[in-house]
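One structure is given below, encoded as structure tokens.
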Amino acid sequence: MKLQQLSLFLENRPGRLGAPLEVIAAAGINLMTLSLADTAQFGILRLIVREWEKARHLLEDAGWVVNLTEVVAVDVLDRPGGLANALKVLESAGLNIEYMYAFSLRRGDKAILIFRFEDPDRAIEVLKAAGLHVVGPEELFQHVA
Amino acid sequence: MPTELWNDAAGGFHPASAPDFLPEPLLEEVQLRRLKAVVSRAYDNVPLFRERLEARGLTPASIERLEDIAKLPFTVKADLRDTYPFGLFASPMGDVVRLHASSGTTGKPIVVAYTREDVEVWSEVMARTFAACGLHRADVLQNAFGYGLFTGGLGAHYGAETLGATVIPISGGNTDRQIMVMRDFGVTALCATPSYFLHVIERAGELGVDMKALPLRVGVFGAEPWSDAMRVRIQADAGIKAFDIYGLSEIIGPGVASECSAQDGLHVFEDHFYPEIIDPETGEPLPDGSEGELVLTTLSKKAMPMIRYRTRDITSILPERCSCGRTLRRIRRIGRRSDDMFIIRGVNVYPSQVEAALLAVEGTLPHYQIILTREQGLDQITVEVEVTSEVFSDKIRALEDVRERLAHAIEHILGIRVGLRLVEPRSIERSQGKAKRVIDRRNT
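Sequence lines, in order, name chains H and G. For the first sequence, the positions run 19 to 163 when this note's numbering is used. For the second sequence, the positions run 51 to 494 when this note's numbering is used.
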């Protein structure tokens with residue numbers, strides 16, 4: 019049920035974001051989604067792609083340090099309160115979110131929330147028990163196929 | 051010099067090492083005889099040296115015992131620059147068979163000269179260096195020291211040939227070819243600067259070459275200070291024994307001192323190079339065991355005798371006898387040069403101090419660079435550290451934490467505020483020779 023997320027270290031200066039994305043694009047790998055966290059000095063680019071193993075090798079061969087992290091995807095209705103509802107579930111279970119990001123699907127009325135937890139397995143149990151829909155890799159990539 | 055005969059099985063004691071085991075009284079007799087002769091030679095042939103002796107009311111006859119060396123004036127690097135190019139030569143050019151020159155970072159280089167006998171002595175001390183590192187005639191040595199005006203390449207080359215080993219004169223650079231040759235030629239030993247060899251290891255990893263599976267077993271490293279932690283990493287990552295050697299062009303080039311199998315200090319080949327430790331501030335000689343500046347006197351050099359040359363290298367003479375049995379005294383590995391030192395906001399800083407802090411936090415030494423700038427009249431020090439897979443995390447907080455721990459560790463050692471910038475892997479230029487650790491932009 020968990021997704022593999024690739025993270026890359028980038029210096030916070032012009033042109034640094036484009037370089038790794040070009041490597042992935044040149045191999046014909048499509049991005050499912052990405053998020054960029056940054057400080058004044060550096061940033062962390064987080065990527066979700068279907069062919070994550072291939073993307074990881076390409077990036078490592080090109081000299082990037084790549085970190086692999088398991089994240090959890092949840093789909094919610096793309097309307098006011100969709101995210102708030104999911105957060106309420108996590109909060110009442112005492113689960114700490116390391117970080118999260120979200121995106122809307124092109125088709126349908128769903129938004130996808132990507133969560134990074136310290137203990138993703140326990141988070142999945144909690145989310146499921148509350149009736150939320152945890153999206154696995156196959157299902158997620160079908161959405162965009 | 052004794053060499054290996056056909057019936058000397060490879061391994062164990064090397065006959066070339068015999069002079070390393072001279073009983074002390076004999077060694078001192080040889081040293082005194084040679085010291086008297088070299089002082090006479092410099093007095094007769096080098097005007098600068100003669101003037102300095104006369105100014106002190108000394109003549110070569112003033113040297114009666116080894117301790118009398120402390121009466122003699124020092125020679126410093128500026129003397130070589132001031133007399134550029136040939137002012138300190140004691141031989142006519144007709145007797146000189148080789149010139150080398152140092153890469154002068156500021157202004158003119160310094161030029162050094164060798165007679166045929168000097169080259170023979172150099173070959174001998176380098177052969178003894180390789181023997182001390184466990185090399186034999188059956189070894190295949192990849193010599194990645196630069197060939198040319200730099201003394202490293204040819205010095206190691208002649209020494210290894212004298213030992214009878216097979217030399218591959220590949221010189222520095224072209225790392226992919228180095229790795230191909232290392233693998234295809236069955237290389238068992240390699241000479242390089244330690245920072246370049248780290249680059250070779252890194253590149254071999256990228257090419258999918260397992261260095262530990264190769265026949266390479268010995269690395270002979272010199273020409274720049276490196277830490278024990280770097281040795282641990284090199285030995286583990288390449289599956290070799292890594293030895294530190296020491297030398298400088300002004301004295302002869304590589305071959306002044308070498309580690310032995312004990313890897314615990316470097317034996318000075320003191321039948322040819324007489325070591326002293328002095329207080330760098332006062333110039334007073336210090337007893338064995340005290341830390342100070344290494345001063346060397348060439349006991350055998352003909353073309354260019356160096357009397358009490360101040361090396362700027364900070365070390366101490368180890369007072370105990372080495373477990374290997376050599377009678378040659380040892381100097382502690384040189385971690386810092388007073389030349390490398392820079393002064394920032396009145397504080398003396400050595401790159402090795404920054405290195406120690408990085409190692410303490412990360413466990414291995416990342417690639418780093420120290421950048422000095424001046425902003426509104428105030429000196430700033432920034433350390434750039436490449437992010438490694440060991441410390442990289444997908445969480446900003448974790449990376450900020452690494453950055454802060456690195457900065458604190460350096461600030462703790464130096465006692466001044468430093469800027470610490472994490473930079474992308476491989477963004478700091480890799481050296482093909484000596485690593486450039488400090489970039490001073492304060493006066494540009």
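Each residue gets a CB set at the ideal place from its N, CA and C atoms; glycine is no exception.
1. For a cutoff of 8 Å on Cβ pairs, would you count H/Q59 as touching chain G?
2. Does G/F235 have its Cβ less than 8 Å from a Cβ in chain H?
3. Is the separation between the beta-carbon of G/V250 and that of G/Q228 shorter than 8 Å?
4. How many angstroms separate the CA atom of H/I130 from the CA atom of G/E256?
5. Under the rule that 16 or more other beta-carbon atoms within 10 Å means buried, what is G/P97, buried or exposed?
6. Counting Cβ pairs, one atom from each stretch, are 3 or more of them under 8 Å apart for the region 275-285 of chain G and the region 139-146 of chain G?
7. Is the distance from the Cβ of G/V399 to the Cβ of G/L464 below 8 Å?
8. Of the residues G/V217, G/D329 and G/N95, which one's Cα is nearest the Cα of G/G339?
9. Below 7 Å on C-beta distance, what does G/T238 contact in chain H?
10. State buried or exposed for G/A215, treating a residue as buried only when at least 16 other CB atoms are found within 10 Å of its CB.
11. Which residues in chain H sit within 8 Å of G/D444, going by Cβ to Cβ distance?
12. In chain order, what residues of the same chain have a beta carbon less than 6 Å from the beta carbon of G/E434, not counting five sequence neighbours either side?
13. Grab the span of the beta strand (DSSP E) containing H/I115 for me, first residue to last.
14. Using the beta-carbon of each residue, which ones in chain H are nearer than 9 Å to G/L449?
15. Please report the straight-line C-alpha distance between G/L122 and G/R386, rounded to a whole angstrom.
16. Out of curiosity, what's the CA-to-CA distance linking H/L24 and G/E170?
17. Mapping DSSP to helix, strand and coil, what is G/T225?
18. Answer yes or no: do G/M230 and G/Q192 have a C-beta to C-beta separation smaller than 8 Å?
19. If contact means a Cβ-Cβ distance below 8 Å, which residues of the region 462-477 of chain G contact chain H?
20. From the DSSP output, in three-state form, read off G/F136 for me.
21. To the nearest whole angstrom, what separates the beta carbons of G/A239 and G/V270, a pair I think is in contact under 8 Å?
22. Using a 10 Å radius around the Cβ and a threshold of 16 neighbouring Cβ atoms, would you call G/E174 buried or exposed?
23. Where does G/K352 land, buried or exposed, given buried means 16+ other C-beta within 10 angstroms?
24. G/K291 bridges to which residues according to DSSP?
25. For H/N85, is the classification buried or exposed, using 16 other Cβ atoms within 10 angstroms of its Cβ as the cut-off for buried?
26. Given that H/W82 touches chain G, what residues does it touch there, using C-beta distances under 8 Å?
27. Between which residues of its own chain and H/P138 is the CB-CB distance below 6 Å, once the five residues before and five after are set aside?
28. Please report the distance separating the alpha-carbon of G/I431 from that of G/P337.
29. Quick one, are the C-beta atoms of G/P416 and G/R379 less than 8 Å apart?
30. Give a yes or no on whether 8 Å exceeds the smallest Cβ distance from G/V503 to chain H.
31. Identify whether H/P38 lies in helix, strand or coil by the three-state DSSP scheme.
32. According to DSSP, simplified to helix, strand and coil, what is G/L122?
33. Quick check on H/F135: does DSSP put it in helix, strand or coil?
34. Buried or exposed for H/P12, going by 16 or more other Cβ atoms inside 10 Å?
35. Contact between the region 218-225 of chain G and the region 311-325 of chain G is defined here as three or more beta-carbon pairs at a separation below 8 Å; is this criterion met?
36. Are the region 155-162 of chain H and the region 177-196 of chain G touching, with three or more C-beta to C-beta distances below 8 Å?
Considering the structure as presented:
1. By 1-based counting over the first sequence, the position of residue 59 of chain H is 41. Chain G, which has a Cβ nearer than 8 Å to the Cβ of H/Q59, makes this yes.
2. Residue mapping note: residue 235 of chain G aligns to position 185 of the second sequence, counting from 1. No, its Cβ sits nowhere closer than 8 Å to a Cβ of chain H.
3. Start at 1 with the first residue of the second sequence, and residue 250 of chain G comes out as number 200. Start at 1 with the first residue of the second sequence, and residue 228 of chain G comes out as number 178. Going by C-beta atoms, G/V250 is nearer than 8 Å to G/Q228.
4. Reading the first sequence from its first residue, position 112 is the one you call residue 130 of chain H. Reading the second sequence from its first residue, position 206 is the one you call residue 256 of chain G. Going by the C-alpha atoms only, they are around 37 Å apart.
5. Position 47 of the second sequence, counted from the first residue, corresponds to residue 97 of chain G. Exposed, since its Cβ has fewer than 16 Cβ neighbours within 10 Å.
6. No, the region 275-285 of chain G is not in contact with the region 139-146 of chain G.
7. Working through the second sequence from its first residue, we reach residue 399 of chain G at position 349. Working through the second sequence from its first residue, we reach residue 464 of chain G at position 414. Yes. Within cutoff.
8. Locating residue 339 of chain G in the second sequence gives position 289, where the first residue counts as 1. Closest by alpha carbon: G/D329.
9. As a first step, residue 238 of chain G is located in the second sequence; it is residue number 188 there, counting from the start. Within 7 Å Cβ-Cβ: nothing; G/T238 doesn't reach chain H, min ~30 Å.
10. What you label residue 215 of chain G is simply residue 165 of the second sequence in a count that begins at 1. The residue is buried, with at least 16 neighbouring Cβ atoms inside 10 Å.
11. Residue mapping note: residue 444 of chain G aligns to position 394 of the second sequence, counting from 1. Neighbours of G/D444 on chain H, chain order: Q23, S25, I62, R64, N85, T87 and R134.
12. In the second sequence, residue 434 of chain G corresponds to position 384, counting from 1. Closer than 6 Å at Cβ, skipping near neighbours: Q419, R471 and V473.
13. Sequence index remark: in the first sequence, residue 115 of chain H carries index 97 (1-based). H/I115 -> beta strand (DSSP E) spans I115 to S122.
14. In the second sequence, counting from the first residue as 1, residue 449 of chain G sits at position 399. One finds F27, T57, F60 and I62 in chain H with Cβ atoms closer than 9 Å to the Cβ of G/L449, taken in chain order.
15. As a working mapping, residue 122 of chain G is identified with position 72 in the second sequence. As a working mapping, residue 386 of chain G is identified with position 336 in the second sequence. The alpha-carbon atoms of G/L122 and G/R386 are separated by roughly 26 Å.
16. Against the first sequence, residue 24 of chain H aligns to sequence position 6. Against the second sequence, residue 170 of chain G aligns to sequence position 120. Near 59 Å, if we compare the C-alpha coordinates of G/E170 and H/L24.
17. Indexing the second sequence from 1 puts residue 225 of chain G at position 175. G/T225: helix per DSSP, three-state reduction.
18. Within the second sequence, numbered from 1, the residue matching residue 230 of chain G stands at position 180. Within the second sequence, numbered from 1, the residue matching residue 192 of chain G stands at position 142. Between G/M230 and G/Q192, the C-beta gap is not smaller than 8 Å, which leaves the two residues out of contact.
19. Residues R471, L472, V473, E474, P475, R476 and S477.
20. Taking the second sequence and counting its residues from 1, the one referred to as residue 136 of chain G is at position 86. Looking at G/F136 - three-state DSSP - the assignment turns out to be coil, as it is neither helix nor strand.
21. As a working mapping, residue 239 of chain G is identified with position 189 in the second sequence. As a working mapping, residue 270 of chain G is identified with position 220 in the second sequence. The pair is a contact, with the Cβ atoms about 7 Å apart (cut-off 8 Å).
22. Numbered from 1 along the second sequence, position 124 holds the residue referred to as residue 174 of chain G. Per the 10 Å Cβ criterion, buried.
23. By 1-based counting over the second sequence, the position of residue 352 of chain G is 302. It is buried - the Cβ of G/K352 has at least 16 other Cβ atoms within 10 Å.
24. As a position in the second sequence, residue 291 of chain G is number 241, starting the count at 1. Note: G/K291 sits in a beta bridge opposite G/V268.
25. Here residue 85 of chain H is taken as the residue at index 67 of the first sequence, counted from 1. Buried: at least 16 other Cβ atoms inside 10 Å.
26. Translated into the one-based positions of the first sequence, residue 82 of chain H becomes position 64. Ordered by position in chain G, the residues that pass the 8 Å Cβ test against H/W82 are E474 and P475.
27. Counting from 1 along the first sequence, the entry for residue 138 of chain H is found at position 120. Excluding the 5 residues flanking it on each side, H/P138 has same chain C-beta neighbours closer than 6 Å at K20, E88 and V90, in chain order.
28. In the second sequence, residue 431 of chain G corresponds to position 381, counting from 1. In the second sequence, residue 337 of chain G corresponds to position 287, counting from 1. Computed Cα separation, rounded: 36 Å.
29. Looking up residue 416 of chain G in the second sequence gives position 366. Looking up residue 379 of chain G in the second sequence gives position 329. Against a cut-off of 8 Å, the Cβ pair of G/R379 and G/P416 comes out as no contact.
30. What is shown of chain G runs 51 to 494, which leaves residue 503 of chain G out entirely.
31. Mapped onto the first sequence, residue 38 of chain H falls at position 20. In the structure shown, H/P38 sits in a helix (DSSP, three-state: H, G or I).
32. Your numbering for residue 122 of chain G matches position 72 in the second sequence. Three-state result, G/L122: coil.
33. Position 117 of the first sequence, counting from 1, holds the residue named residue 135 of chain H. If DSSP states are grouped into helix, strand and coil, H/F135 belongs with the strands.
34. As shown, chain H starts at 19 and ends at 163. That puts residue 12 of chain H outside it, with no answer to give.
35. Between the region 218-225 of chain G and the region 311-325 of chain G there are fewer than three C-beta pairs closer than 8 Å, too few to call the two in contact.
36. With the cut-off at 8 Å, the region 155-162 of chain H and the region 177-196 of chain G do not touch.
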